[in-house]
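>
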Amino acid sequence: MRLALDHVDVELDGRRIVEDVSLEVASGERLALLGPSGAGKSTLLRVVSGLERPTAGRVLIDGADVTGVPAHRRGIGLVFQDAALFPHRTVAENVGFGPKVAGLLRAERAARVAEALALVGLEDAGARDPTTLSGGEAQRVALARALAPRPGALLLDEPLGALDGPLRLRLQEDLRALFERLSLTVVHVTHDVGEAFALGDRVAILRAGRVAQVARPDELWARPADDWVARFLGMRNVARDGDRATVTRPEAVRLVPGSGATVLAADRDGPLVRFRLRRDDGVELEAVALGDAAEPGARVGVEIDPAGVLEVPVWEAGL
Amino acid sequence: MTRPATVCCKVGVAVVTAVGAVALAAGCGGGGEAPKEVVLVTHDSFAISKDVKAAFERESGLTLRILQGGDANEMLNRALLTAGDPQGDAIFGIDDSVLSRAVDGDLLDAYRSPELAAVQPDFSSPDRHVTPIDHGEVCLNVDRAWFASHRIPPPKTLADLVEARYRNLLVVENPATSSPGLAFLLATIATYGDRWEAYWRALRANGVLAVDGWEEAYTQQFSGAAGSPGKRPIVVSYASSPAAEVIFASKPTTTAPTAAVEDGCYRQVEYAGVLRGARNEEGAKELIDFLLSRRFQADVPGSMFVYPVREGVALPEAFVKYALVPQDPLALPAAEIDANRDRWLAAWTDVVVR
Amino acid sequence: MDRRRRALSPGQRAARAATVAIPVAFLAVFFAWPLVAILERSLVTDGTLDVPWDVLTAESTREIAWFTLWQATVSTILTLLAGLPLAWALSRFSFPGRSLVEALVLVPFVLPTVVVATAFVALLPDGMEHSVWAILLAHVFFNVAVVVRIVGAYWAALDRRLWDAAVTLGAGPGQRQLRLTLPLLAPALASAASIAFLFCFTSFGVILVLGGIRYATLETEIYNQAARLFDLRTAAALALIQLAAVAAVVIVSGVLERRLGGGRRRGGRAPHPVRGERLVVGAVVGVSLLLLALPPAALVVRSLQVSGGYGLRHFASLFDTTPALLVTPWHAVVNSLLFATAATAIALGVGVPAALAIARGSRGLDVTLMLPLGASAAMLGFGFLLAFGDPPLDIRSSLVIVPLAQALVATPFVVRSLVPALRARDPRLPEAAAVLGATPAQVRREIELPLVARPLAVAAGLAFAVALGEFGATVFVFRADWPTVPVAIVRFLGRPGEDNVGTAMALCVVLMALVTVVALVSQRALGRGAR
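Protein chains in written order, with my numbering: chain G, 14 to 332; chain X, 311 to 664; chain U, 702 to 1232.
1. Would you please verify whether the beta carbon of G415/X is less than 7 Å from any beta carbon of chain U?
2. Step through the CB atoms of chain G and report whether any lies within less than 7 Å of the CB of Q1143/U.
3. Is there a Cβ from chain U that is less than 7 Å from the Cβ of H101/G?
4. For T529/X, collect the residues of the same chain with a Cβ closer than 7 Å to its Cβ; drop the 5 residues on either side in sequence, then sort them by chain order.
5. When DSSP labels each residue in this structure, what does H445/X get in the three-state scheme?
6. Kindly indicate if chain X contains any beta-carbon less than 7 Å away from that of R929/U.
7. In its own chain, which residues sit with a C-beta less than 6 Å from the C-beta of I851/U, not counting the 5 before and 5 after it?
8. Under the assumption that S410/X contacts A644/X (Cβ atoms under 8 Å), give the Cβ distance between them as a whole number of angstroms.
9. Which residues does DSSP pair with P618/X in a beta bridge?
10. Could you check which residue in T144/G, V108/G, D280/G and A190/G has the C-alpha nearest to that of L154/G?
11. Enumerate in chain order the residues of its own chain whose CB-to-CB distance from L1005/U is below 8 Å, with the five nearest sequence positions on each side excluded.
12. Alpha carbons only, please: which of I462/X, F558/X, V351/X and S550/X is nearest the one belonging to Y476/X?
13. Under a CB-based cut-off of 7 Å, is L791/U close to chain X?
14. I need the straight-line Cα distance from G321/G to G90/G, nearest angstrom please.
15. Cβ closer than 8 Å: which chain U residues qualify as neighbours of V114/G?
16. Using 8 Å for Cβ pairs, my map puts E555/X next to P567/X. What's the rounded Cβ distance?
17. F1179/U to A1078/U, Cα distance in whole Å?
18. For G612/X, which residues in the same chain have their Cβ closer than 6 Å to its Cβ, ignoring the five residues on either side in sequence?
19. Compare the C-alpha of A190/G against each of R43/G, R29/G and E37/G and name the closest.
20. What are the boundary residues of the beta strand (DSSP E) that P326/G is part of?
21. Does the beta carbon of G1228/U sit closer than 7 Å to a beta carbon anywhere in chain G?
22. Restricting to runs no shorter than 3 residues, where is the beta strand (DSSP E) found entirely within the segment 283 to 307 of chain G?
23. Please state the DSSP three-state secondary structure of L91/G.
24. Ignore the nearest five residues each way along the sequence and tell me which others in L807/U's own chain have a CB closer than 7 Å to its CB.
25. Tell me which residue opens and which closes the beta strand (DSSP E) that Y528/X is part of.
26. Any Cβ of chain G within less than 7 Å of the Cβ of R1129/U?
27. Can you check the segment 780 to 804 of chain U for any alpha helix (DSSP H) of at least 4 residues that lies completely inside it and give the ranges in chain order?
28. With a floor of 3 residues, list each beta strand (DSSP E) that falls wholly inside the segment 220 to 277 of chain G, ordered by position along the chain.
29. Who are F402/X's beta bridge partners in DSSP?
30. How would you label N478/X, buried or exposed, when you count the other beta carbons within 10 angstroms and need 16 or more for buried?
31. Based on Cα-Cα distance, which residue from W789/U, A937/U and A1055/U lies nearest to A857/U?
32. Starting from Q378/X, trace the beta strand (DSSP E) both ways and give me its first and last residue.
33. Closest to V1188/U by C-alpha separation, out of V816/U, A917/U and V951/U, would be which residue?
34. Exposed or buried, what is S1018/U when buried is set at 16 or more other beta-carbons lying within 10 Å of its beta-carbon?
35. If you measure between the beta carbons of S50/G and D170/G, is that distance less than 7 Å?
36. So the candidates are A938/U, R1117/U and F931/U; which of them puts its Cα closest to the Cα of Y855/U?
Structural data, given as structure tokens:
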């Protein structure tokens, strides 16, 4: 299923939430919608699913204008942020809801439920009461429920937002594997850069209702559209100078023996170490390197790979 | 999210429509050509035996519908509120103490029943708008067992009540809110004249308890009523109450647990009348004639514990045996009551409550 | 959830308008019109308004108003204190017989006031039966159910992890209650307190019986002036004071509830109490039940008392004809069930749209619907007599007026029990259903209705029970050939003789049993569908 938004505006209570957004998602592609809260990500997802009607612009599915088609006739699945399971039904009844309203027979429904629950690794949870599920389990059931009607596209609104550390990473892995297996068209809303990069073939960065940049993760990292995007992606080495900004990617800052900079902090992040340095000219830099951490206060030399330095425009509204 | 509203509103519309339809239907029922029913407005104490009611309906061809609304006083007030556009056709239960209000309130049409000829001379009608139907006497009742076990003779007169040995034994009703309460106050006024306030001051000093209504006085405070938790052995009630104690006793009994005191009994006569603006005026007249008929008059003691006004109607056995028929009950002229009621009530409240 | 306003289809707009129009029309016809009719009759002479300033400013008026306010305030505080422990035990723990206890708590609330007052007179020691204490105690007895129901339901829906969090943050038990429980429960406390206050403020039967001739509230004095003394002018003046006071209370409590905000709505299962708790929960439930059970138990005992022993004779006599009524007492039971069913249907038909409108933000409607609770039944009854005497609404002597009057009293309960549930609805659930392919009709049938089924059942049960026990309004409009149980009880109590009292007590017991069954059924009927 191919999805497209064509110059979409959404106004709610006279406030413009989404402004002139055009996006395309190819069949089988996974697009991550990344942005700070309040950027209009969820609203955009609601527009695609049909829960919200745009004030202007069109929604297209496989090239056909579906702007006026209600949600229940779009065949698109949606997973809400905190699951939104029906509390008065069992897990199996939740998952079987889509097939049921689609008019499938009991046996077929049961097969679909079993299949969907198996996909999320909860084969035995069918009889459980949704209020007894853990956060991760609830989110998996929500996913199974969205998958059971076999939608042409799946929308996920911060599906991992309510989860914590290791569980979040594990579910992220599971999601990626699942999407690859099902080759579904996926639009996935998140405010977490890592999650967006991990799950999106392409990432669309949304800022104040507008698209700031759409690109593959590598491209984004290599060429952020402006200083705001760079900072939002987590880059610290951004220096403004009038209407231009210089961005130095942390992996382009290399530590060498010698002096010229003082280590302020060095934190291990898996195999990597994240350094915060102060150059003797007073400029603070962030660096990422493999290898050993250093004590704060240690003196090091700094080399910068020019390939990792780029000039970008300044976004006026600022962060 | 507005979806459920649709369903609920449909239900709501349906209900409101249904109510409206029923209301309309009910409304239209009243406006036929020849009225098929006659409506009697009366108080809560009104009662009629099934067969007696059936007899009236059979003979008149009318359905008798009974509208009850509170005690005699409340019933009259409701009737006064709707004077000229009445809820019913005839009214029953107006007693002397409120008679002038009914007449002055332009509530009734004049009617003279041919049956009046059969009424005892004592009860000749005081006004051409009303017809006497029954009489009952408000009397002190005493708990016989209590007095027997305490070896004190029960009081015989109103004057006895201020004696020290009857301290804290009497419970009366508030005359402002209770019909027997008012009757008892009138009895003391009829007995003591201008000195009635002094008498009540003495009663108060002797520990009289005044409560709001007859129910509470009799069933809660009076020790003689069967099943009552009360502790006071003297109460203001009716001459017929001892008979009721026998008739409604849990176990058949041949002795009344209570007795009425002859002195200080006050007569209340109950009247009926045709309501001005009645939809079925002829039916109302027929009904009043029926209320004076031998059949209804004979039913009056057993149903309402009051006495018939018609001459030569036999009383039931329990009444003859256990109820008191006061020979010379007290009474005040309706005009005097009406002229002084408010002043008397205020004075009573000052003496007894404040 | 309606912070975001979306474009509505004409159909949706019509439906929304209807949710407001239906309750407003109902109140206009069956409340405002009769009230205006009686006020006009009382205060307008020869076309000019006669404002009763003298009554409004009289010393006696001030005294009565002050006593009314005072006793209602104290009663409310005592009711909250008495009800909170039980609300806690019932909402935070699950134990065998919990739903039975929940049902039993409701019994006092719907008993006719006259009956309860009678029970209190029988129970209280000498000299106390006509004291302020008797009034306060009876009010607490009546209104504990309000606290347990409203606060308990809210409490149960609060996320219990909040308390766990507080423990881990080092809050001691006292601090937890003071800093966490009280603020979280504040909206429910405000709601329960305002309802209890309204009941005590407008209390009638209790004051009439237990107040004796010394204590009068606005409501009893209005009745006294209107029905007994026929001084409509004074009655109207007092009624206006009472109505204004009630409106003020409703508005203030509404503001309070909103300002205090809602807690997080996510329950989790009630655990079985553990060792130490078991003792406390047991003690709380035990003591509360004992106190609540005493007056009803006194009634049961008296219903079984026949001279010299015990027996079922008074129950057998329910099927006998009696001079006290035009029909057998058993007919009164059947009548009560019929009227209460009709009243419940009307109350739901009016209350459900109203609750939807209020949940959406129509605050004015909330206040308006509560007003019938504050209008004197006597004045309203008089208003019915004046307003409904002519076609097309010549219903003052018909049977429909009875359920209509009962529905006026029951509707606020429907609204009050539904609004919180409707407000707590998760707007994403129907959306989730829609994206799963459910049509709007399917969403309604499969998701929205089942989710409000339980509050709806509770609302219906409450409305039914209130209608069943309604006396103040019914007594003004009932027809003697169709008495209800409370009317019949008062009739029997008003006649001498042990059998009459016994029959009255037997009817009380039947009424209590009916109420208990209704409460149990309403809790359980749809329990499987929507827990």
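A virtual CB, placed ideally from N, CA and C, is assigned to each residue, including glycine.
Considering the structure as presented:
1. Residue contact with chain U for G415/X: absent (no Cβ-Cβ distance below 7 Å to any residue of chain U).
2. So, interface residue.
3. By this cut-off, H101/G is an interface position.
4. Here the set comprises A535 and S538.
5. Here H445/X sits in strand by DSSP.
6. It does; some Cβ of chain X falls within 7 Å.
7. Hits under 6 Å: A889, S892 and A893.
8. 5 Å between Cβ atoms; contact.
9. Beta-bridge partners of P618/X (DSSP): D444/X.
10. The identity of residue 154/G in the sequence shown is Val, whereas the question assumes Leu. Nearest C-alpha to V154/G among T144/G, V108/G, D280/G and A190/G: V108/G.
11. Closer than 8 Å at the Cβ level, and outside the excluded window around L1005/U, lie Y1011, G1012, L1013 and H1015.
12. When C-alpha distances from Y476/X are compared across I462/X, F558/X, V351/X and S550/X, the shortest belongs to I462/X.
13. Judged by the 7 Å Cβ criterion, L791/U is not in contact with chain X.
14. Going by the C-alpha atoms only, they are around 40 Å apart.
15. Simply A1134, L1137, G1138, A1139, T1140, Q1143 and E1147.
16. E555/X to P567/X, Cβ: 5 Å. Contact.
17. Those two C-alpha atoms are separated by around 13 Å.
18. For G612/X, the CB contacts under 6 Å within the same chain, skipping 5 residues up- and downstream, are P626 in chain order.
19. Of the candidates R43/G, R29/G and E37/G, the one whose C-alpha sits nearest the C-alpha of A190/G is R43/G.
20. DSSP places P326/G inside the beta strand (DSSP E), whose first and last residues are V322 to P326.
21. Because G1228/U sits at a pLDDT of 46, beneath the cut-off of 50, its placement in the model cannot be relied upon, and the point is left open.
22. Correct list: 285 to 292 and 297 to 303.
23. Strand at L91/G.
24. Apart from the 5 residues on each side of it in sequence, L807/U sits with its Cβ closer than 7 Å to the Cβ of A846, A1166, V1216 and A1220 in its chain, given in chain order.
25. Note, Y528/X: premise wrong, no beta strand (DSSP E); not H, not E.
26. R1129/U counts as touching chain G.
27. Runs of alpha helix (DSSP H) with 4 or more residues, each lying fully within the segment 780 to 804 of chain U, are absent.
28. For the segment 220 to 277 of chain G, whole beta strand (DSSP E) runs of length 3 or above, ordered along the chain, are 223 to 228, 251 to 254 and 257 to 261.
29. Beta-bridge pairing links F402/X to A582/X.
30. Exposed, because fewer than 16 other Cβ atoms sit within 10 Å of the Cβ of N478/X.
31. Of the candidates W789/U, A937/U and A1055/U, the one whose C-alpha sits nearest the C-alpha of A857/U is W789/U.
32. Per DSSP, Q378/X belongs to the beta strand (DSSP E) from T373 to Q378.
33. Nearest C-alpha to V1188/U: V816/U.
34. Buried, by the Cβ-count rule.
35. Not a contact, by the Cβ cut-off of 7 Å.
36. Comparing Cα-Cα distances from Y855/U to each of A938/U, R1117/U and F931/U, the minimum goes to R1117/U.
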